[in-house]
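Right, one structure below, let's go through it.
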Amino acid sequence: MTQPTTFRREHDQPPRLLDLFCCAGGAAVGYARAGFAVDGCDIADRPNYPFPRHRGDALAHLAHLIATGGIRRYAFVHASPPCQHGCALTVGTNASQGWGRAHVDLVAPTRELLDATGLPYVIEQPNGRAKIRKDLTLCGEMFGLGVIRHRNFELGGWSIEQPAHVPHRGRVRGYRHGQYFDGPYVAAYGNGGGKPTVPELQTAMGIDWTDVREELTEAIPPAYTEHIGRAALAHLAPTLEVAA
0 MTQPTTFRRE HDQPPRLLDL FCCAGGAAVG YARAGFAVDG CDIADRPNYP
50 FPRHRGDALA HLAHLIATGG IRRYAFVHAS PPCQHGCALT VGTNASQGWG
100 RAHVDLVAPT RELLDATGLP YVIEQPNGRA KIRKDLTLCG EMFGLGVIRH
150 RNFELGGWSI EQPAHVPHRG RVRGYRHGQY FDGPYVAAYG NGGGKPTVPE
200 LQTAMGIDWT DVREELTEAI PPAYTEHIGR AALAHLAPTL EVAA
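Listed below in structure tokens is the structure:
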């Protein structure tokens, strides 16, 4: 029988997690709160990212880590490949109005490389037509947040229990077809149309280290990945070994 991989850590250092397509670090902060040491990678300059980061193409960086053995520094990988190809806004409203442009689907090549690492991993995508397994779906109401922000997660090499979906308390605040609706949630996307201010977005998402609207509207609430990270560490516990 094949034995599980043992990941070695130096002294009391936490296991390392590789955060691909990291943006400003919404996912990263949640994983760090759960107990991981996090390294990010994004093709854009992300000075607000609160952990060590590599600027470059995420898939090229991952392929390099696999080829050189550098991937052995890590115990877990999170990937949030660009979602515009399959997100609900692109395939719904934007497409119906003739807006937007062609987008590259990076989910399949991301999955192929993640499988090659031999590590447990997560691929995150919003609701829409992105071709991932919806092994886990999380919502802001599950964590008492001021956004709904459903996100789907494909889990590679491990599993987690799906929590019960909590009924929403009302509408998302803002204009719909020219009519204004009030509600307990803010719309964490776009601009105008009754969209929240940056401070409102920060409060609703649980993010205080960036005030860049584009980074806030693309972020995963850290509460999501703190939940995932705690379960991932429990899964990894039997394979983690502290170096002498």
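Just so you know, we're using numbering that gives the first Met the number 0 here: the sequence shown kicks off at 0 and counts up by one.
Note that CB positions come from ideal geometry on N, CA and C, so glycine has one too.
Assuming contact is defined by CB atoms lying nearer than 8 Å, are VAL185 and VAL211 in contact in what I supplied? For the purposes of this step, residue 185 is taken as residue 186 along the sequence shown, with counting starting at 1. For the purposes of this step, residue 211 is taken as residue 212 along the sequence shown, with counting starting at 1. No, Cβ-Cβ distance for VAL185 and VAL211 is not below 8 Å.
Could you check what DSSP says for ARG168 in three-state terms: helix, strand or coil? Here residue 168 corresponds to residue number 169 of the sequence shown, with the count starting at 1. Coil.
For the candidate residues ALA31, ASN151, ASP207, whose alpha-carbon lies nearest to that of PRO125? As a working note, residue 125 is residue 126 in the sequence shown. It is ASN151 whose Cα lies nearest to the Cα of PRO125.
Apart from the five residues on each side of it in sequence, which residues of its chain come closer than 6 Å, Cβ to Cβ, to GLU199? The residue labelled residue 199 in the question sits at position 200 within the sequence shown. These residues qualify, in order along the chain: VAL185.
Buried versus exposed, by CB contacts within 10 Å (16 or more), THR67: For the purposes of this step, residue 67 is taken as the residue at position 68 of the sequence shown. So THR67 ends up on the exposed side.
Between the CA atoms of ARG175 and PRO14 - distance to the nearest angstrom: Here the question's residue 14 lines up with position 15 in the sequence shown. Here the question's residue 175 lines up with position 176 in the sequence shown. Cα to Cα, PRO14 sits roughly 45 Å from ARG175.
For PHE180, which residues in the same chain have their Cβ closer than 6 Å to its Cβ, ignoring the five residues on either side in sequence? Counting from one through the sequence shown, the residue named residue 180 turns up at place 181. So the list reads ARG170, once near-sequence residues are dropped.
Classify THR109 as buried or exposed, calling it buried when 16 or more other Cβ atoms lie within 10 Å of its own Cβ. In the sequence shown, residue 109 corresponds to position 110, counting from 1. Counting Cβ neighbours within 10 Å, THR109 comes out buried, since at least 16 surround it.
Report back the beta-carbon spacing between TRP289 and ALA231 to the nearest angstrom; my notes put them in contact at under 8 Å. Here the chain covers residues 0 to 243 and nothing more, so residue 289 does not appear.
Starting from ALA33, trace the alpha helix (DSSP H) both ways and give me its first and last residue. Position 34 of the sequence shown, counting from 1, holds the residue named residue 33. Its alpha helix (DSSP H) spans residues 25-33.
Beta bridge counterpart(s) of ASN151 as assigned by DSSP: The residue given as residue 151 occupies position 152 in the sequence shown. Partner(s): GLN124, THR136.
VAL185: first and last residue of the uninterrupted alpha helix (DSSP H) it sits in: Taking the sequence shown and counting its residues from 1, one reaches residue 185 at position 186. No alpha helix (DSSP H) contains VAL185, which DSSP labels as neither H nor E.
Measure from the alpha carbon of ASP41 to the alpha carbon of each residue in HIS77, ARG148, ILE70, GLY34, then state which is nearest. The residue you call residue 41 lines up with position 42 of the sequence shown. Measuring from the Cα of ASP41, the nearest candidate turns out to be HIS77.
Sub-8 Å separation of GLY57 and THR209 beta-carbons: By 1-based counting over the sequence shown, the position of residue 57 is 58. By 1-based counting over the sequence shown, the position of residue 209 is 210. First, the amino acid is wrong: residue 57 is Ala here, not Gly. No, Cβ-Cβ distance for ALA57 and THR209 is not below 8 Å.
Coil, strand or helix - ALA330 by DSSP: For the chain, the structure presents residues 0 to 243; residue 330 sits outside this window and is missing.
TYR223 - DSSP class collapsed to helix/strand/coil: Taking the sequence shown and counting its residues from 1, the one referred to as residue 223 is at position 224. Reduced to three states, the DSSP call for TYR223 is helix.
Given this structure, state the Cα-to-Cα distance separating ILE159 from ALA236, to the nearest angstrom. Start at 1 with the first residue of the sequence shown, and residue 159 comes out as number 160. Start at 1 with the first residue of the sequence shown, and residue 236 comes out as number 237. The straight-line gap from Cα to Cα measures roughly 14 Å.
Quick one: what's got a C-beta closer than 7 Å to THR116's C-beta in the same chain, skipping five residues either side? Translated into the one-based positions of the sequence shown, residue 116 becomes position 117. Excluding residues within five positions, the ones whose Cβ falls inside 7 Å are ILE65, ILE70, VAL76.
Identified DSSP bridge partners for LEU17: The count along the sequence shown starts at 1 and reaches residue 17 at position 18. LEU17 is bridged to ASP38, VAL76.
Specify, as a first and last residue, the run of the alpha helix (DSSP H) that HIS60 falls within. As a position in the sequence shown, residue 60 is number 61, starting the count at 1. Start and end: 57-67.
In chain order, what residues of the same chain have a beta carbon less than 7 Å from the beta carbon of LEU61, not counting five sequence neighbours either side? For this step, residue 61 is matched to residue 62 along the sequence shown. If we look at LEU61 and ignore the five residues flanking it on each side, its Cβ neighbours are LEU19, LEU112.
Let me know if VAL165 comes out buried or exposed under the rule of 16 or more other beta-carbons within 10 Å of its beta-carbon. Residue numbering aside, residue 165 sits at position 166 when the sequence shown is read from its first letter. Exposed, by the Cβ-count rule.
HIS53 in three-state terms, based on DSSP: Residue numbering aside, residue 53 sits at position 54 when the sequence shown is read from its first letter. HIS53: strand per DSSP, three-state reduction.
Does the contact criterion of 3 or more C-beta pairs under 8 Å hold for the stretch 45-56 versus the stretch 134-149? no
With distances taken from CA atoms, which of GLN12, ALA26, LEU16 is nearest ALA218? The residue given as residue 218 occupies position 219 in the sequence shown. Comparing Cα-Cα distances from ALA218 to each of GLN12, ALA26, LEU16, the minimum goes to ALA26.
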